[in-house]
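Peer 1: Note that the protein sequences, when read in sequence, are chains S and A. The numbering of the first sequence is our numbering, which starts it at 1 and goes up by one. The numbering of the second sequence is our numbering, which starts it at 1 and goes up by one.
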Amino acid sequence: MLVSRCPLRFRRLAPIIVYILAASMFAPNVHAQKRAVGGTKVGRIAPMSPGGLVPGSETLSPTLVPEVQTFIDAWVEYNTSTCVEISAGSWTVTTAPKYGTTATGTVTGTLGNGDCAGVTFTFAAIYYTWTSTNPKVDTDTFAATWTSPDYQEMDTVDITECGGPTIMFNGANVAEKTTSAAVGQEIMLTGQAPNAACVSATASQQWSMPSSTNAVGGYTATASPPNAAVTPLPTDTTSTSYGPFYWISPATYTMTYQYTLTNGETSPVSTAKFKVGGPKEVKVYTCGGSVPPTGCTNTTALGTVVITPGPALGFGDATYSNTGIQFTASATAPPGDFSYVQEITNDVITETPSDGSAVQTCYPLEVPTPGVFPGLDTSYPYSTGATTTDNPGTGTLTNVDKKVSRAFSAQMYLLWTPTAAADCTGGASCTIPVPLGSVSWRFNAAAKLTNSALDTWTVTSGKGSAKAFVASNSYPTWTSWVEYGGMSCH
Amino acid sequence: MKIFTLALLFGSALFFLSVGFAQSRQTPFALTIAAAQAEVPRGSEAKINTTITNLSNSAVALEFKNPLCDYSVEVRDSMGNLAPDTDLKKSLDCANVSGRHINAYLQPHESFKDAIPVNSLNDISEVGEYSVRVTWKAPREFGGMVVKSNTTKITVVP
């Protein structure tokens with residue numbers, strides 16, 4: 001027999017060695033069992049969902065958010081043959097935490113080791129709550145021992161606090177701060193849990209969204225192809241970053257970010273305040289006729305309809321003694337530039353031929369379809385700077401016609417673009433223009449041929465007018481381009 | 001021989017005079033251009049931003065109507081070939097432009113900025129690099145000289 005060949009001393013020790021080996025197979029590395037009794041065993045609770053520590057984890061290093069009681073561990077002693085609960089046991093804290101509190105209680109559940117499937121036990125549980133408000137610490141530790149009639153488990157728990165997340169903007173953490181920005185400035189935010197353990201334990205995240213009444217995702221405007229549209233705000237509020245977007249009205253705004261850990265706990269909400277500057281006390285004066293070249297100083301009457309060299313029928317003659325209309329903007333604003341964009345809302349020229357043939361209705365050439373308004377006037381932008389003018393004139397009048405009239409209306413938008421930060425590497429996306437408002441204006445003009453041989457024309461009627469500047473943060477949009485490279489008559 | 005020498009001297013004098021005259025008639029304007037975007041997707045707008053600066057010591061009044069007509073734009077592909085004119089350019093009736101008409105007043109060293117959608121003038125639908133140069137004719141009262149810009153590049157990408 002094998003036993004008989006063993007030394008007597010070994011034979012006496014064999015049951016003890018077997019016991020130690022068996023015990024070491026069942027005991028977690030960091031736990032010590034007082035003793036094992038035939039037919040009984042201890043077991044951790046099965047995963048509780050949502051929340052709770054994943055049982056079976058031998059290193060108790062939970063990540064948790066402050067001021068929330070977090071389940072740490074729970075054990076029960078049970079009979080392995082009958083699955084009868086022997087004891088829920090109880091916990092004793094042997095080393096108290098420094099930055100939080102512990103609590104104990106019972107919780108019902110099933111065994112995490114797979115034994116006694118479907119049988120519910122009452123486990124003694126221990127909980128931890130991070131209570132410190134010291135921003136300089138984010139780790140804590142405590143030790144506790146679970147004891148049942150026949151077993152003892154010792155836990156050492158290393159806590160990582162997952163506090164308020166950071167909100168990064170232009171390389172700086174702006175969480176819980178007020179940061180200066182400008183309307184039209186690109187805003188790109190990145191949120192993150194405050195330490196690596198919490199980052200890796202982050203299951204999801206949530207951004208607030210700016211209001212679409214005072215922010216946009218962008219603005220694209222082109223003449224060719226004709227298209228100007230506002231890019232909607234980004235709708236992805238559950239990624240690490242939110243943006244890019246642009247505020248379009250000066251005010252103070254808040255953006256918030258929060259993350260949720262894999263245990264279901266949600267972090268404190270971090271708030272970033274943005275004091276967004278932009279043009280204030282915006283005024284646009286319109287004037288015409290004899291105007292100061294440097295711009296209107298008040299709103300006055302517009303210019304007069306005249307026959308200009310060509311001859312042509314013009315609203316003003318593009319001189320400073322008879323400018324058709326001049327727009328001058330002023331505002332209290334951070335560094336930036338004004339620009340104008342004009343949309344043609346109507347422009348029709350009626351020609352009455354001298355030979356008595358049918359009256360011609362003419363529209364300026366427009367992409368895609370002449371005569372469909374509104375459309376972008378000539379170029380985007382119309383011009384830059386605080387002052388601009390317009391003196392629309394017809395093409396050359398000839399004695400082919402005996403009468404010519406024109407009905408013209410337009411809406412001149414004022415926009416403002418902040419000066420891009422020197423360290424912004426985003427190129428054109430660093431800033432976008434923001435709308436400040438618009439002026440609607442119009443003129444009618446008519447002339448008749450007075451000397452066919454000399455091609456002499458005389459104005460028979462004509463008048464221009466402009467409405468007051470209306471402040472608005474609505475962007476000019478278009479899908480037509482009145483390129484004014486000629487006329488289309490029918 | 002005497003006649004030949006005299007003619008040579010006279011010719012030389014005329015040559016140096018003409019050079020001196022030309023140098024003294026430097027344009028009071030500078031024209032610089034830059035691509036609004038160095039790379040543009042095929043079919044998108046390829047815009048050139050222009051800046052005309054008053055280099056003189058006195059204020060000037062200028063008129064600007066349609067950038068498609070106010071400037072002359074030369075676009076060449078990477079082989080140096082001129083990009084074909086678009087139908088829009090062929091149909092332009094610049095003598096009868098009836099839209100935007102700006103009278104711009106530029107103080108010394110002030111600038112007027114404008115934008116030219118180059119793709120509406122020249123066919124740059126092929127992927128590749130294009131070089132663009134713009135010229136602007138100063139008004140007659142400023143000598144009517146042609147002001148040439150720098151050359152800039154636009155890359156059309158798929």
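The C-beta atom is built at its ideal place from N, Cα and C for all residues, glycine as well.
DSSP beta-bridge partners for A/Val161?
Peer 2: Since the first residue shown for chain A is 1 and the last is 158, residue 161 of chain A is missing from the structure and cannot be characterised.
Peer 1: Across the region 443–452 of chain S and the region 333–346 of chain S, are there enough close Cβ pairs to call them in contact, namely three or more that are closer than 8 Å?
Peer 2: No, because fewer than three Cβ pairs between the region 443–452 of chain S and the region 333–346 of chain S fall closer than 8 Å, the two stretches do not touch.
Peer 1: For the alpha helix (DSSP H) holding A/Leu88, just list the boundary residues, first then last.
Peer 2: Within the second sequence, numbered from 1, the residue matching residue 88 of chain A stands at position 88. Asp87 to Ser91 is the extent of the alpha helix (DSSP H) around A/Leu88.
Peer 1: Where DSSP assigns a beta bridge to S/Lys403, which residues make up the other side?
Peer 2: Numbered from its first residue, the first sequence carries residue 403 of chain S at position 403. In the DSSP output, where bridge partners are listed per residue, S/Lys403 has S/Thr352 and S/Lys448.
Peer 1: Taking 7 Å as the limit between beta carbons, can you name the residues of its chain near S/Ala512, skipping five residues before and five after?
Peer 2: Within the shown structure, residues of chain S are numbered from 1 to 490, placing residue 512 of chain S beyond reach of any answer.
Peer 1: Identify the contact partners of S/Met412 in chain A, using a Cβ-Cβ distance below 8 Å as the criterion.
Peer 2: Counted from its first residue, the first sequence places residue 412 of chain S at position 412. Residues of chain A passing the Cβ test: none, with the nearest at roughly 11 Å.
Peer 1: Per DSSP, which residues does S/Glu366 bridge with? Please list them.
Peer 2: Mapped onto the first sequence, residue 366 of chain S falls at position 366. S/Val482, per the DSSP bridge assignment.
Peer 1: Tell me which residues of the region 92–104 of chain A have at least one Cβ-Cβ distance to chain S shorter than 8 Å, keeping chain order.
Peer 2: Of all residues in the region 92–104 of chain A, Leu92, Asp93, Cys94, Ala95, Asn96, Val97, Ser98, Gly99, Arg100, His101, Ile102, Asn103 and Ala104 have a Cβ within less than 8 Å of some Cβ in chain S.
Peer 1: When the Cα of S/Asn399 is compared with those of S/Thr95, S/Gly218 and S/Leu449, which residue comes out closest?
Peer 2: Within the first sequence, numbered from 1, the residue matching residue 399 of chain S stands at position 399. With distances taken between Cα atoms, S/Asn399 lies closest to S/Leu449.
Peer 1: At 4 residues or longer, what runs of the alpha helix (DSSP H) sit wholly inside the region 238–310 of chain S?
Peer 2: Those alpha helix (DSSP H) runs which fall completely within the region 238–310 of chain S and span 4+ residues do not exist here.
Peer 1: Taking all protein chains shown into account, do 16 or more other C-beta atoms lie within 10 angstroms of the C-beta of S/Thr378, making it buried, or fewer, making it exposed?
Peer 2: Mapped onto the first sequence, residue 378 of chain S falls at position 378. Its Cβ being crowded by 16 or more others within 10 Å, S/Thr378 is buried.
Peer 1: Would you tell me roughly how many angstroms separate the C-alpha atoms of S/Thr129 and S/Ser474, rounded to the nearest one?
Peer 2: The residue labelled residue 129 of chain S in the question sits at position 129 within the first sequence. The residue labelled residue 474 of chain S in the question sits at position 474 within the first sequence. Their Cα atoms are separated by approximately 50 Å.
Peer 1: Spatial neighbours of A/Lys113 within its chain, please: CB distance less than 6 Å, with the 5 preceding and 5 following residues excluded, ordered by chain position.
Peer 2: Sequence index remark: in the second sequence, residue 113 of chain A carries index 113 (1-based). So the qualifying residues of the chain are Thr51.
Peer 1: For A/Met145, which residues of its own chain have a beta-carbon under 6 Å away from its beta-carbon, when the five flanking residues on both sides are left out?
Peer 2: Reading the second sequence from its first residue, position 145 is the one you call residue 145 of chain A. So the qualifying residues of the chain are Thr27 and Ala138.
Peer 1: Is there at least one Cβ from chain A nearer than 9 Å to S/Val54's Cβ?
Peer 2: Walking along the first sequence from the start, residue 54 of chain S turns up at place 54. Bear in mind that a pLDDT of 48 at S/Val54, under 50, signals an unreliable position, so the number given afterwards is only what the model happens to contain. With 9 Å as the cut-off, S/Val54 does not count as an interface residue toward chain A.
Peer 1: Taking 9 Å as the CB-CB cut-off, is S/Ala468 touching chain A?
Peer 2: If you number the first sequence from 1, residue 468 of chain S lands on position 468. No, S/Ala468 does not count as interfacial toward chain A.
Peer 1: Please report the Cβ distance between S/Tyr382 and A/Arg100, rounded to the nearest whole angstrom; I am assuming they are in contact, meaning their Cβ atoms lie under 8 Å.
Peer 2: For the purposes of this step, residue 382 of chain S is taken as the residue at position 382 of the first sequence. For the purposes of this step, residue 100 of chain A is taken as the residue at position 100 of the second sequence. Contact flag correct, Cβ pair sits at about 6 Å.
Peer 1: I'd like to know whether the C-beta of A/Gly143 is nearer than 9 Å to at least one C-beta of chain S.
Peer 2: Taking the first residue of the second sequence as position 1, residue 143 of chain A is located at position 143. No, no contact with chain S.
Peer 1: Taking DSSP as the reference, what is the three-state secondary structure of S/Gly324?
Peer 2: Residue numbering aside, residue 324 of chain S sits at position 324 when the first sequence is read from its first letter. Here S/Gly324 sits in strand by DSSP.
Peer 1: Report the residue from S/Ser488, S/Pro311, S/Thr40 and S/Thr95 whose alpha carbon sits nearest the alpha carbon of S/Asp150.
Peer 2: If you number the first sequence from 1, residue 150 of chain S lands on position 150. The residue with the shortest Cα to Cα distance from S/Asp150 is S/Thr40.
Peer 1: In the structure shown, what three-state DSSP assignment does S/Ser204 receive?
Peer 2: In the first sequence, counting from the first residue as 1, residue 204 of chain S sits at position 204. Three-state result, S/Ser204: strand.
Peer 1: For S/Val372 and S/Ser480, I'd like the C-alpha separation in whole angstroms.
Peer 2: Here residue 372 of chain S refers to the residue found at position 372 when the first sequence is read from its first residue. Here residue 480 of chain S refers to the residue found at position 480 when the first sequence is read from its first residue. The alpha-carbon atoms of S/Val372 and S/Ser480 are separated by roughly 8 Å.
Peer 1: Can you tell me where the beta strand (DSSP E) holding A/Asp123 begins and where it ends?
Peer 2: Position 123 of the second sequence holds residue 123 of chain A. Careful: A/Asp123 lies outside any beta strand (DSSP E) and carries neither H nor E.
Peer 1: Using alpha carbons as the reference points, say which of A/Gly143, A/Ile102, A/Glu126 and A/Lys148 lies closest to A/Arg133.
Peer 2: Locating residue 133 of chain A in the second sequence gives position 133, counting from the first residue. Checking every option, the nearest Cα to that of A/Arg133 belongs to A/Lys148.
Peer 1: Hey, quick one: how far does the alpha helix (DSSP H) through A/Pro67 stretch, first residue to last?
Peer 2: Counting from 1 along the second sequence, the entry for residue 67 of chain A is found at position 67. First-last of the alpha helix (DSSP H) with A/Pro67: Pro67 to Asp70.
Peer 1: Between S/Ser200 and chain A, is the shortest Cβ-Cβ distance under 9 Å, so that the two count as touching?
Peer 2: Numbered from 1 along the first sequence, position 200 holds the residue referred to as residue 200 of chain S. Not one chain A Cβ lies under 9 Å of S/Ser200.
Peer 1: Counting only the same chain and skipping the five closest in sequence on each side, list residues whose C-beta sits under 6 Å from that of S/Ser409.
Peer 2: Against the first sequence, residue 409 of chain S aligns to sequence position 409. For S/Ser409, where only same-chain residues beyond five positions count, the Cβ hits under 6 Å are Thr345, Asn346 and Arg442.
Peer 1: Let's test the definition: count the other Cβ atoms within 10 Å of the Cβ of S/Phe237 and tell me whether it reaches 16, buried, or not, exposed.
Peer 2: Residue 237 of chain S sits at position 237 when you count from the first residue of the first sequence. Note that residue 237 of chain S is Thr in the sequence shown here, rather than Phe. Result: exposed.
Peer 1: Could you name the residues of chain A that S/Thr222 contacts, counting a contact when the two beta carbons are closer than 8 Å?
Peer 2: In the first sequence, counting from the first residue as 1, residue 222 of chain S sits at position 222. Chain A residues near S/Thr222: Ser44, Glu45, Lys47 and Pro117.
Peer 1: Closest by CA to S/Ala358, which one among S/His490, S/Leu376 and S/Val306?
Peer 2: Counted from its first residue, the first sequence places residue 358 of chain S at position 358. The residue with the shortest Cα to Cα distance from S/Ala358 is S/His490.
Peer 1: Do you know offhand how far S/Thr110's Cα is from S/Ala117's?
Peer 2: For this step, residue 110 of chain S is matched to residue 110 along the first sequence. For this step, residue 117 of chain S is matched to residue 117 along the first sequence. S/Thr110 and S/Ala117: Cα-Cα distance of roughly 7 Å.
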